[in-house]
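A.B. asks:
Shown next, in the form of structure tokens:
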């Protein structure tokens, strides 16, 4: 909280476009992790607006995915899907290319979750496959075994993507597999 407050009052950071929306994003993440989804929602909504106004596509897409996560926690599946549709539209606008600052695996994972919450199972599986492919692409050039393990297990959405991906694979031994 102290670091967020210090950053919010720093004239250098306030003028730097790289930090646009950062305070709201950090406050949103903090509130969400503390179990206060309603407060997190307000912070993420503010961050999305700031980032859209600042034409920060990559960061806006990430913020929309985080906003969707909060909507899902609050039980608002239609709002979550609206947010992830906007996030994935931004990515599609860039031909699904890597955009500096964007976390495509997380964006597509949250889209998959939002689709599933809206009972769009087939589309959810396609979005999950996309998330999985972006995650695989991100690790493709990592040769160190320890770094690969960290990439797969230390990042929350990577763990979730792997679990969900295994659930839909035929022959995975999971009774939830189609």
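Residue numbers (my numbering): 10 to 187. By construction, the Cβ of each residue, glycine as well, lies at the ideal position given by its N, Cα and C atoms.
Are there 16 or more other CB atoms within 10 angstroms of the CB of residue 145, so buried, or fewer, so exposed?
C.D. replies: exposed
A.B. asks: Expressed to the nearest angstrom, what Euclidean distance is found between the alpha-carbon atoms of residue 166 and residue 94?
C.D. replies: 18 Å
A.B. asks: When the Cα atoms are used, what is the spatial distance from residue 53 to residue 84?
C.D. replies: 16 Å
A.B. asks: Considering only their Cβ atoms, is the gap separating residue 124 from residue 114 smaller than 8 Å?
C.D. replies: No, the Cβ-Cβ distance between residue 114 and residue 124 is not below 8 Å.
A.B. asks: May I ask which residues mark the beginning and end of the alpha helix (DSSP H) holding residue 147?
C.D. replies: First-last of the alpha helix (DSSP H) with residue 147: 130-148.
A.B. asks: How long is the line joining the alpha carbons of residue 79 and residue 30, rounded to whole angstroms?
C.D. replies: 17 Å
A.B. asks: Once the 5 residues before and after residue 141 are set aside, which same chain residues still bring their CB inside 6 Å of it?
C.D. replies: Result list for residue 141: 170, 174, in chain order.
A.B. asks: So the alpha helix (DSSP H) residue 106 belongs to, where does it begin and stop?
C.D. replies: Segment: none, residue 106 is in no alpha helix (DSSP H) and carries neither H nor E.
A.B. asks: Let's see if you can read the secondary structure: which residues bound the alpha helix (DSSP H) around residue 48?
C.D. replies: Counting along the chain, residue 48 sits inside the alpha helix (DSSP H) bounded by residues 46-62.
A.B. asks: Using DSSP with H/G/I as helix, E/B as strand and the rest coil, what is residue 70?
C.D. replies: Residue state for residue 70 is assigned as helix, using DSSP reduced to three classes.
A.B. asks: How many Å lie between residue 149 and residue 139 at the Cα?
C.D. replies: 15 Å
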